[in-house]
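See below for the structure under consideration.
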């Protein structure tokens, strides 16, 4: 299997490792920056490096990963789909809904596999949250809170080179697909009712960057809230689902899932039970993350940090779907 990676930024390293684990025999690298492309050329398994999508098409890979900034996805994807190349795009599929619909239609007409890498849904701990919600552990859903409060490195460094720093709304396309995908894996749709921005920072390129976004919405009678922060502060990333009989909290940073349900014991006993359960879940997550990360560093193909695992599982799922179609 020959796979092209189009766009060789930081995420390309994880995709390179993932496609190797998925069985790629040869890898084609593509980047408009010649220095970046040449640096990639020395990696094991790299067949060729090129500087344009037309050159990728000419090499006829079996599949390609589009890892460019979101604003370039549409222009990169169209000729690849037209050439009959199965395609995995980094999230979001496009930065305009009309373009995304166009790619979906084009892939359908051509009979080509088109996927989007929402890797947060492929964290192993997400399976546990889904099982708890789908299995009725928390009862009827009442609210979903998705928190993504992570420092954004280019903002910390005042680096305006990345696309996310070149427009006030660009950061939403870069980061918000993760929180929205989490919510939309639990409910069929979200109607956004209110958006608030705060903590603006004027960048050297003239862009006003809002370091905090609060987005309120509904899915039927279920409240959905997104809390996004990109400033250099304490890091948090979690999903809290509250239901009629319990709640589940998934903590991406600490790799843990805590499910609390009513035991109908006396309140002081129930609170103690929940506290012990939470402590146990965090301890398991911490130890598991440590062991898996260490195993990944010494070369285990099935281990690594949770984020790395999520990319591996996303890529593996794409190629499993592809194999079923061949």
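Numbering (the numbering used here), first residue to last: 217 to 542.
Backbone N, C-alpha and C fix where the C-beta goes; we use that ideal spot for every residue, glycine too.
Exercise for the section: Report the option in 435, 220 and 426 whose CA atom is closest to the CA atom of residue 543. Expected result: The requested residue 543 does not occur in the structure, where the chain is confined to residues 217 to 542.
Problem - For residue 271, the three-state DSSP class (helix, strand or coil) - result: helix
Handout entry: residue 325 classed as buried or exposed, judged by whether at least 16 other C-beta atoms fall within 10 angstroms
Key = exposed
Practice task
Report the partner residues of residue 327 according to the DSSP bridge assignment.
Solution key: Answer is none; residue 327 lacks a bridge partner.
Exercise for the section: For the alpha helix (DSSP H) containing residue 296, list its first residue and its last residue. Expected result: 289-298
Exercise for the section: Compute the Euclidean distance between the alpha carbons of residue 336 and residue 467, then round it to the nearest angstrom. Expected result: 12 Å
Practice task
Could you tell me how far apart the beta carbons of residue 223 and residue 265 are, in whole angstroms, since I believe they sit closer than 8 Å?
Solution key: Rounded, the Cβ-Cβ distance is 12 Å, inconsistent with contact.
Problem - the segment 393-400 contacting the segment 409-416, beta-carbon criterion three pairs below 8 Å - result: no
Exercise for the section: Tell me whether residue 374 is buried or exposed, calling it buried when 16 or more other Cβ atoms sit within 10 Å of its Cβ. Expected result: exposed
Practice task
Confirm, please, whether the CB-CB distance from residue 238 to residue 218 is below 8 Å.
Solution key: no
Exercise for the section: On a CA-only basis, which of 263, 254 and 527 is nearest residue 240? Give me that one, please. Expected result: 263
Handout entry: Counted within 10 angstroms of its Cβ, other Cβ atoms place residue 284 as buried (16 or more) or exposed
Key = buried
Practice task
Would you be able to state if there are at least three C-beta pairs under 8 Å between the segment 456-466 and the segment 349-357?
Solution key: yes
Practice task
Could you tell me whether the Cβ atoms of residue 332 and residue 307 are closer together than 8 Å?
Solution key: yes
Practice task
Output yes or no for whether 8 Å exceeds the beta carbon distance between residue 391 and residue 433.
Solution key: no
Exercise for the section: For residue 421, collect the residues of the same chain with a Cβ closer than 8 Å to its Cβ; drop the 5 residues on either side in sequence, then sort them by chain order. Expected result: 376, 381 and 382
Exercise for the section: Check each candidate in 232, 384 and 522 and name the one with the smallest Cα separation from residue 259. Expected result: 232
Handout entry: Any C-beta of chain C under 8 Å from that of residue 345
Key = The structure shown contains no chain C, having only a single protein chain.
Exercise for the section: Would you mind giving the Cβ-Cβ distance between residue 280 and residue 301, rounded to the nearest angstrom? I have them listed as a contact below 8 Å. Expected result: 5 Å
Practice task
Could you round the C-beta distance between residue 454 and residue 363 to whole angstroms and report it? I think they count as a contact, below 8 Å.
Solution key: 5 Å
Practice task
Classify residue 410 as helix, strand or coil using the three-state DSSP reduction.
Solution key: strand
Problem - Endpoints, the beta strand (DSSP E) within which residue 431 is located - result: 424-435
Problem - Start and end residues, alpha helix (DSSP H) containing residue 235 - result: 226-237
Exercise for the section: Starting from the Cα of residue 523, find the closest Cα among 317, 339, 346 and 344 and give me that residue. Expected result: 339
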